[in-house]
Amino acid sequence: MKKVQYRVLMMAFLGFLFISASASFAQTKVLTLSGTDAMQFDTKEFKVKAGQKIKLTFKHAGKYAKQAMGHNFVLLKSGTDIADFASKANLARDNDYIPKSEASKIIAHTKLLGGGESDTIEFTAPKKGVYPYICSFPGHYGLMQGKFIVE
1 MKKVQYRVLM
11 MAFLGFLFIS
21 ASASFAQTKV
31 LTLSGTDAMQ
41 FDTKEFKVKA
51 GQKIKLTFKH
61 AGKYAKQAMG
71 HNFVLLKSGT
81 DIADFASKAN
91 LARDNDYIPK
101 SEASKIIAHT
111 KLLGGGESDT
121 IEFTAPKKGV
131 YPYICSFPGH
141 YGLMQGKFIV
151 E
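Residue numbers (my numbering): 1 to 151.
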């Protein structure tokens, strides 16, 4: 009788571990985004859940070097003045157009990439809301924008 109880308890414990492990793997949302030499993101909107782990791979699908046509992904906090941020980014050439003075407005960002390059970042989705993402390379933010919607 005790053997049966032990087996039942062990099976229940192993089942709990399996379900817990599966749930934690399922929570990571894998996203891909590309930027082109035509200054366009291939995806203009992402939907994720608040607190969800995000693994985003950004690819520069074009051919030009990053000095001529660099691209990045910069996720900004809700309410950030995009034009003001981009204006400050224009002056941050030595930091891949990520202005250190605006670090408090950035949730996550990739490296600045040239044609054929990619970068993967991981971060946690913020609270519910709509967050803008842009390319901060000079002159790109006007065309290269999207919405990161957190539900």
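Glycine is no exception: its CB is placed at the ideal position from the N, C-alpha and C atoms.
| query | result |
| --- | --- |
| Excluding sequence positions up to five away, which residues of its chain have a Cβ less than 8 Å from the Cβ of glutamate 151? | Lys47, Val48, Lys49, Ala50, Lys128 |
| Which value, in whole angstroms, describes the spacing of the CA atoms of serine 101 and leucine 91? | 11 Å |
| Starting from phenylalanine 123, trace the beta strand (DSSP E) both ways and give me its first and last residue. | 118-124 |
| Would DSSP call lysine 66 helix, strand or coil? | helix |
| If we count Cβ pairs, one from each stretch, closer than 8 Å, do we get three or more for the region 60-72 versus the region 82-89? | no |
| Would you mind stating whether asparagine 72 and leucine 31 have Cβ atoms separated by less than 7 Å? | no |
| Cα separation between serine 34 and leucine 143? | 13 Å |
| What would DSSP say about phenylalanine 85, mapped onto helix, strand or coil? | helix |
| Please report the residue range of the beta strand (DSSP E) in which glycine 129 lies. | 129-134 |
| If glutamine 52 sits next to alanine 125, beta carbons under 8 Å apart, how far is it from one beta carbon to the other, in whole angstroms? | 5 Å |
| Confirm, please, whether the CB-CB distance from alanine 89 to proline 99 is below 7 Å. | yes |
| In whole angstroms, what separates the C-alpha of serine 104 from that of aspartate 96? | 17 Å |
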